[in-house]
Each structure stands twice: as C-alpha cells, then as structure tokens.
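Residue numbers (the working numbering), protein chains in the order written: chain A, 42 to 252; chain B, 3 to 261.
Each residue gets a CB set at the ideal place from its N, CA and C atoms; glycine is no exception.
Every value quoted in this text rests on a predicted model; they were computed, and no experiment measured them.
Structure first, then comments.
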Amino acid sequence: MPSAPRVAIVDYDAGNLGSVRRACQEVGINGVITADPDQIRSADKVIFPGVGSAESAVDTLHARGLFDALLDFYASGKPFLGICLGSQILLEHTDEGDKDCLGIVPGCCERFDYADRQYKVPHIGWNQIEIQRPHPMLKNVQDGDEFYFVHSYFNRPTEPHIVAMTEYGHRFCSVLARGNLFATQFHLEKSGRKGLAILDAFRDWDGTESC
Amino acid sequence: MLSKRIIACLDVRAGKLAKSIKFVDTKDIGDPVEKAAEYYEDGLDELVFYDITASSDKRDIMLDVVESVAEKIFIPFSVGGGIRSVADANRLLWAGAEKINVNSAAVGRPALIAECARAFGSQNVVLSMDILKVETNRDFPSGYEVVINGGRTPTGIDALTWALQGEEMGAGELVVNSIDADGTRAGYEINLTRMIAEAVSIPVIASGGAGKPEHLLEVLTQGKADAALVASMVHYGEYTVSGLKRWLHDKGVKVRLNH
Numbered sequence: 042m043p044s045a046p047r048v049a050i051v052d053y054d055a056g057n058l059g060s061v062r063r064a065c066q067e068v069g070i071n072g073v074i075t076a077d078p079d080q081i082r083s084a085d086k087v088i089f090p091g092v093g094s095a096e097s098a099v100d101t102l103h104a105r106g107l108f109d110a111l112l113d114f115y116a117s118g119k120p121f122l123g124i125c126l127g128s129q130i131l132l133e134h135t136d137e138g139d140k141d142c143l144g145i146v147p148g149c150c151e152r153f154d155y156a157d158r159q160y161k162v163p164h165i166g167w168n169q170i171e172i173q174r175p176h177p178m179l180k181n182v183q184d185g186d187e188f189y190f191v192h193s194y195f196n197r198p199t200e201p202h203i204v205a206m207t208e209y210g211h212r213f214c215s216v217l218a219r220g221n222l223f224a225t226q227f228h229l230e231k232s233g234r235k236g237l238a239i240l241d242a243f244r245d246w247d248g249t250e251s252c
Numbered sequence: 003m004l005s006k007r008i009i010a011c012l013d014v015r016a017g018k019l020a021k022s023i024k025f026v027d028t029k030d031i032g033d034p035v036e037k038a039a040e041y042y043e044d045g046l047d048e049l050v051f052y053d054i055t056a057s058s059d060k061r062d063i064m065l066d067v068v069e070s071v072a073e074k075i076f077i078p079f080s081v082g083g084g085i086r087s088v089a090d091a092n093r094l095l096w097a098g099a100e101k102i103n104v105n106s107a108a109v110g111r112p113a114l115i116a117e118c119a120r121a122f123g124s125q126n127v128v129l130s131m132d133i134l135k136v137e138t139n140r141d142f143p144s145g146y147e148v149v150i151n152g153g154r155t156p157t158g159i160d161a162l163t164w165a166l167q168g169e170e171m172g173a174g175e176l177v178v179n180s181i182d183a184d185g186t187r188a189g190y191e192i193n194l195t196r197m198i199a200e201a202v203s204i205p206v207i208a209s210g211g212a213g214k215p216e217h218l219l220e221v222l223t224q225g226k227a228d229a230a231l232v233a234s235m236v237h238y239g240e241y242t243v244s245g246l247k248r249w250l251h252d253k254g255v256k257v258r259l260n261h
C-alpha cells in the first residue's frame, strides 16, 4: 500500500492554520503545519492558506526562507493549493503595502474601493462563484454555489488564469489556476460542505488541469 | 451577489447554552456544541458565542466549548465576553474561533480594538455595542447611548460616535445590539440599525428583538443590516434556520440556500 501523501500547510504567522488542518482532517487529508522550507520542498502537496495583511506576510515568507521554497515547490509540478491571502501572494504584486509577491501567476492584487456604502469593505460573507472554465478541483461543486469570503483586496490575474468570478460591486476573480496551482479567494475551511468538497477534490488531485 | 447572513447567537454560561431576557434572568437551555452542530447541518451562515460566565475562573470552560465546536463545524464563528487583552483574544483564536468580539472592555479602553486589529487583522475583530434609546440632546445627538456590563451601566457615550470610532480604530464588523429590543421578540430596532449601517463602511450585524421572520426581513431591507442575529426564535425550535432562509428567499432577500 502506498504511504499517505505528505501535505504541508505553510505556517507564516498568517491566521488560524488550525481551522485549515481540521477541515483537511474532515476529508481525510493529514496536513502537517510547518514553517520548514525543506519540509515544504519535499512535501507531496502544499496548502498555502492565510488571513491578515499581505505586507507582513511577504516579509515573514522571506525571513523564514519560505518564499523560495514555495517557488521551488511550484516548479516541481506537485499539487499546490492557495487560500485567501495565500492566493493573493501568488500574483506578481499587491497594492497592500506595495509588495512584490511570488509572481507564479501574472497579474496583481488591488483594493476594493467603493464610495457607495452599499458595498462594505471588507467583503465579508457568502457569495456565489460563476465558473468560467472546468477544472478538476471543481468536480464536486457547481456554478452558483456559495462560499465564505473575508477580504479587502482582490486578485486580478491575466485572463487565461481565471477559473471563476464573483460579483461584488464589480466582477472579480475568485478562483485562479495555473498548471499545478489552484487557488481560491474564499475560505475553503469555513465554507461548510461546499468548501470541504473542494478540499476533498484536492485530496485526489494530481496537479493537472485536465478534467 | 453577496448573501445576507443569518447568525445564531449562543449565550454560554459555564459551558451551557443560556438565553437571556433583557440581559437579566438567564436560564439554561442545552449544550452549545450540540446546538451549533445542529444549526450548521441546517445551513446556518455563522455563529457567535457570548461567554456570560460570571466568574473569570470558569472561563477555561469556554475554551473547551470553542475547541469542540471547531472540530465539528466548518462555518465562521466568533466568540465574545470578557475579552480584555490581545492575550485573551489570542487564546480563543487558537482554540479555533474565527473572530473575536470585544464590547465593554473596548469602551473602557478603545485601544483594545486597535491592538487586536494589528495583531489579527481587522477582519477578525468584531465590535459589539449594547445600545439604549435616550433623549436626543447635546450629549447624545443620535438619541442612543452605549451601555456596558450587559446593559446595566450607562457610559455617557453617543452610540453613533462610538460606532464611527470603532471603525476608525480597526473593527472589521459591528454588532448593533439594542438593549431595548433584546429579549422582547417584538422586532429589531430598525431606526438604530439603519442609522449606523448608513454611517459606517464596514458590515453591520443587527441584534436584539428577533421573534418572527418578518423582523428579519425588515432589518435586512429597511434596516440595511448585512446580517441578522437570531437566538430564542431558533433555540426553542419554533423556527428552523433553513425555514427562515427559505422564507426570506421567497420574499426576495438574497440568502444562501444551497449548502
């Protein structure tokens, strides 16, 4: 019997990693929370979660040697899942603290800016996804399903990397992908059964985009 | 399109679910962890636990409740009651809470809001405000006053002023709890909720007074609330979370149905 895949949950002091680990457990993924760059390089799969400020998060990634470890892991072609702040740091640049990020996906991260109080910032709550193209990580969910969002900045990747959009004052990219990388702006670990359904797909995902 | 949230509020005293009437006389109505799991299965959007344990030495019971809930439910939940420092908040977040609610201690020391926002991010910091209607005058231009310690102690602070200050200090959401309406089941304080929701640019959660589905409809439309807190109307089985959401949906309110 093959040994269980080693799934690393990246610890860079950005939020409650315990919630991600517990949600993983619920779908049979034994995630290990780690800040060790070598453990991340050698993992079979990586989950890159996070809440909080991108500015301090990028600094912490550099300080811990995790920035390069994440780039190496992506280059290895193994399945890589970004969540919320983790998804934003995958782009080239974020306006939050004017920081250069990992640059795995072309594009940048910008702040919601609404004069109209109808659109509160942060964007907090359950919102729908509009699936733009099929992806194996979405095999258990449907167009129109709702997920839990908490964020003030949104991803603007280049068009080919957009997998799903969400409407909040304007349409923004809520799911992005590039090869072995898949990332959601919403919190998979806090999105009830629908979130668990995507984590469930991650358990089986081989890191390719073919459905 | 963003859904309006239905949030169930569980008052927990020494590990047991309690329901208060006008913040006095509380009685136990069950196990908070079981209730949380039941609501989660029924499509609840979010949970908030208020620790109303009188003595601080029993507070560790709340950490056990939080840990047990975090193992079972995968929707956001916040915890409030007795949070006086970043260290207090940190313990609850580590135990598995998504957000922390600050209330009386923040009135006494507003820097607490900023400290928590800096430590955890604004999105994890909810400012709960207990509010009483008063005569509109120079001291209370909004006609509402902030009260603390479960509604017993007036503060002399205008409610609208405090809401704006809370946002400025870094709160990510506001719970607007009307002490006048709390426990009456006669409807939310619509005027108060709308006044604050229109003044701030962060989400507002309406609290106090829910007794019928019509009350939720009213506060989520006329009251301009982003979310509605419910307690006794679901705790005693009179209404279900899924039933309320279906009813609101039929009335044209965007809610999350397919969970």
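inquiry  = With H, G and I counted as helix, E and B as strand and the rest as coil, what does DSSP make of A:K235?
reply    = Here residue 235 of chain A corresponds to residue number 194 of the first sequence, with the count starting at 1. In the structure shown, A:K235 sits in a helix (DSSP, three-state: H, G or I).
Exercise for the section: Kindly indicate which residue of A:W246, A:A110, A:G248, A:R234 has the alpha-carbon position closest to the one of A:E67. Expected result: Locating residue 67 of chain A in the first sequence gives position 26, counting from the first residue. When only C-alpha atoms are compared, the closest one is A:R234.
Need the endpoints of the beta strand (DSSP E) that B:Q167 sits in, please. For this step, residue 167 of chain B is matched to residue 165 along the second sequence. B:Q167 -> not in any beta strand (DSSP E); alpha helix (DSSP H) instead, spanning 161-171.
Between which two residues does the beta strand (DSSP E) carrying B:M235 extend? One-based indexing of the second sequence puts residue 235 of chain B at position 233. Counting along the chain, B:M235 falls outside any beta strand (DSSP E), though it belongs to the alpha helix (DSSP H) covering 234-237.
Would you say A:K235 reaches chain B, if we count a Cβ-Cβ gap shorter than 9 Å as a contact?
Against the first sequence, residue 235 of chain A aligns to sequence position 194. Answer yes: the Cβ-Cβ gap between A:K235 and chain B drops below 9 Å somewhere.
Could you check how far apart the C-beta atoms of B:D44 and B:S234 are, in whole angstroms? I think they sit under 8 Å. For this step, residue 44 of chain B is matched to residue 42 along the second sequence. For this step, residue 234 of chain B is matched to residue 232 along the second sequence. With a Cβ gap of about 16 Å, B:D44 and B:S234 do not count as contacting.
I think B:P262 touches B:E175, with their Cβ atoms under 8 Å apart; what is that distance to the nearest whole Å?
Past the edges of chain B, shown from 3 to 261, lies residue 262 of chain B, and the structure says nothing about it.
(Q) I'd like the list of long-range same chain contacts for A:M42, defined as Cβ closer than 8 Å, with 5 residues on each side in sequence excluded. (A) By 1-based counting over the first sequence, the position of residue 42 of chain A is 1. Because A:M42 carries a pLDDT of 49, less than 50, the predicted location of this residue cannot be relied on, and the following value inherits that uncertainty. Answer for A:M42: no residue qualifies.
Original post:
Quick one, are the C-beta atoms of B:F122 and A:G93 less than 9 Å apart?
Top reply: As a first step, residue 122 of chain B is located in the second sequence; it is residue number 120 there, counting from the start. As a first step, residue 93 of chain A is located in the first sequence; it is residue number 52 there, counting from the start. Yes. Within cutoff.
Exercise for review: Report, in whole angstroms, the separation of the C-beta atoms of B:G210 and B:Y190, which I expect to be a contact under 8 Å.
Suggested key: In the second sequence, counting from the first residue as 1, residue 210 of chain B sits at position 208. In the second sequence, counting from the first residue as 1, residue 190 of chain B sits at position 188. Correct: roughly 6 Å between the Cβ atoms.
| message | Restricting to Cα atoms, I'd like to know which of B:G84, B:K135, B:K74 is closest to A:C253. | response | It is not possible to answer for residue 253 of chain A, since the shown part of chain A is limited to 42 through 252.
Put B:S209 into one of helix, strand or coil per three-state DSSP.
The count along the second sequence starts at 1 and reaches residue 209 of chain B at position 207. Of the three classes helix, strand and coil, the one that applies to B:S209 here is strand, per DSSP.
Cα-Cα separation between A:G138 and B:E36, rounded to whole angstroms: One-based indexing of the first sequence puts residue 138 of chain A at position 97. One-based indexing of the second sequence puts residue 36 of chain B at position 34. The alpha-carbon atoms of A:G138 and B:E36 are separated by roughly 43 Å.
Closest Cβ-Cβ distance between B:R154 and chain A: below 9 Å?
Taking the first residue of the second sequence as position 1, residue 154 of chain B is located at position 152. Not one chain A Cβ lies under 9 Å of B:R154.
To test your reading of the DSSP string, which unbroken alpha helix (DSSP H) runs of 4 or more residues are found completely within the segment 235-259 of chain B? 243-252
How is the beta strand (DSSP E) around B:S290 delimited, first residue to last? As displayed, chain B neither begins before 3 nor continues past 261, which places residue 290 of chain B out of reach and without an answer.
Please work out which residues of its chain come closer than 7 Å, Cβ to Cβ, to A:G59, disregarding the five sequence neighbours upstream and downstream, and give them in chain order. Along the first sequence, one-based indexing puts residue 59 of chain A at 18. Excluding sequence neighbours, A:G59 sits near nothing in its chain.
| said: When you compare the CB positions of A:G166 and A:G127, do they come within less than 9 Å of one another, or not? | reply: Along the first sequence, one-based indexing puts residue 166 of chain A at 125. Along the first sequence, one-based indexing puts residue 127 of chain A at 86. Going by C-beta atoms, A:G166 is not nearer than 9 Å to A:G127.
(message) Measuring alpha carbon to alpha carbon, tell me which residue in B:Y238, B:H217, B:R120, B:S70 is nearest B:V88.
(response) The sequence position of residue 88 of chain B within the second sequence is 86, counting from 1. Per the Cα distances, B:R120.
Give the single residue among B:N260, B:T195, B:L65, B:V109 whose Cα lies nearest to the Cα of B:G295. Examination of residue 295 of chain B is not possible in this model, given that chain B is present from 3 through 261 alone.
Checking contacts by CB at 9 Å: is A:Y53 closer than that to chain B? By 1-based counting over the first sequence, the position of residue 53 of chain A is 12. A:Y53 does not count as touching chain B.
Query raised in the report: According to DSSP, is B:N193 helix, strand or coil?
Result: As a first step, residue 193 of chain B is located in the second sequence; it is residue number 191 there, counting from the start. The answer is helix: DSSP assigns B:N193 an H, G or I state.
For A:D247, I'd like the list of residues in its chain whose CB is within less than 6 Å of its CB, leaving aside the five on either flank, ordered along the chain. As a working note, residue 247 of chain A is residue 206 in the first sequence. Excluding positions up to five away in sequence, the list is empty.
message = Using only CA atoms, which one of A:I81, A:R63, A:G69 lies nearest to A:A49?
response = As a working mapping, residue 49 of chain A is identified with position 8 in the first sequence. The residue with the shortest Cα to Cα distance from A:A49 is A:I81.
So, at 7 Å on beta carbons, what are the nonlocal neighbours of A:L240 in its own chain, with the 5 sequence-adjacent residues on each side left out? Taking the first residue of the first sequence as position 1, residue 240 of chain A is located at position 199. The residues are A64, C65, V68, I70, L229.
| task | Buried or exposed for B:A10, please, with buried defined as at least 16 other CB atoms from any protein chain shown within 10 angstroms of its CB. | result | Counted from its first residue, the second sequence places residue 10 of chain B at position 8. Flag for B:A10 reads buried.
Item to check | Cβ pair B:A20, B:L65 closer than 9 Å | outcome: For the purposes of this step, residue 20 of chain B is taken as the residue at position 18 of the second sequence. For the purposes of this step, residue 65 of chain B is taken as the residue at position 63 of the second sequence. Contact flag unset, no.
Q) Across which residues does DSSP place A:I203 in a beta bridge pair? A) Taking the first residue of the first sequence as position 1, residue 203 of chain A is located at position 162. DSSP lists A:L217 as partners of A:I203.
(message) Buried or exposed, going by whether 16 or more other CB atoms sit within 10 Å of the CB of B:L218?
(response) Here residue 218 of chain B is taken as the residue at index 216 of the second sequence, counted from 1. Buried is the call here.
Open item on the list: What are the residues in the segment 122-141 of chain B lying within 8 Å of chain A by C-beta distance?
Closed with: F122, G123, S124, Q125, N126
Please check the pair A:Y115 and A:I145, which I expect to be a contact at CB under 8 Å, by giving their CB distance rounded to whole angstroms. Translated into the one-based positions of the first sequence, residue 115 of chain A becomes position 74. Translated into the one-based positions of the first sequence, residue 145 of chain A becomes position 104. With 8 Å as the limit, A:Y115 and A:I145 qualify as a contact, their Cβ atoms being about 5 Å apart.
Q.
On the criterion of 16 or more Cβ atoms from any shown chain inside 10 Å, does B:N126 qualify as buried, or is it exposed?
A. Taking the first residue of the second sequence as position 1, residue 126 of chain B is located at position 124. B:N126 should be labelled buried.
### Query
Roughly how many whole angstroms lie between the Cα atoms of A:G106 and B:D182?
Within the first sequence, the letter at position 65 stands for residue 106 of chain A. Within the second sequence, the letter at position 180 stands for residue 182 of chain B. Computed Cα separation, rounded: 55 Å.
field: Interface residues of chain A facing B:I204 [CB-CB closer than 8 Å]
entry: One-based indexing of the second sequence puts residue 204 of chain B at position 202. Chain A residues near B:I204: K161, V162, P163.
query = Taking the beta strand (DSSP E) that B:W96 falls in, what are its first and last residues?
reply = What you label residue 96 of chain B is simply residue 94 of the second sequence in a count that begins at 1. Looking at the DSSP string, B:W96 is not in any beta strand (DSSP E); the run it does join, the alpha helix (DSSP H), is 88-97.
Nearest-angstrom Cα separation, counted from B:G153 out to A:E200 | Mapped onto the first sequence, residue 200 of chain A falls at position 159. Mapped onto the second sequence, residue 153 of chain B falls at position 151. Approximately 53 Å, taken between the alpha carbons.
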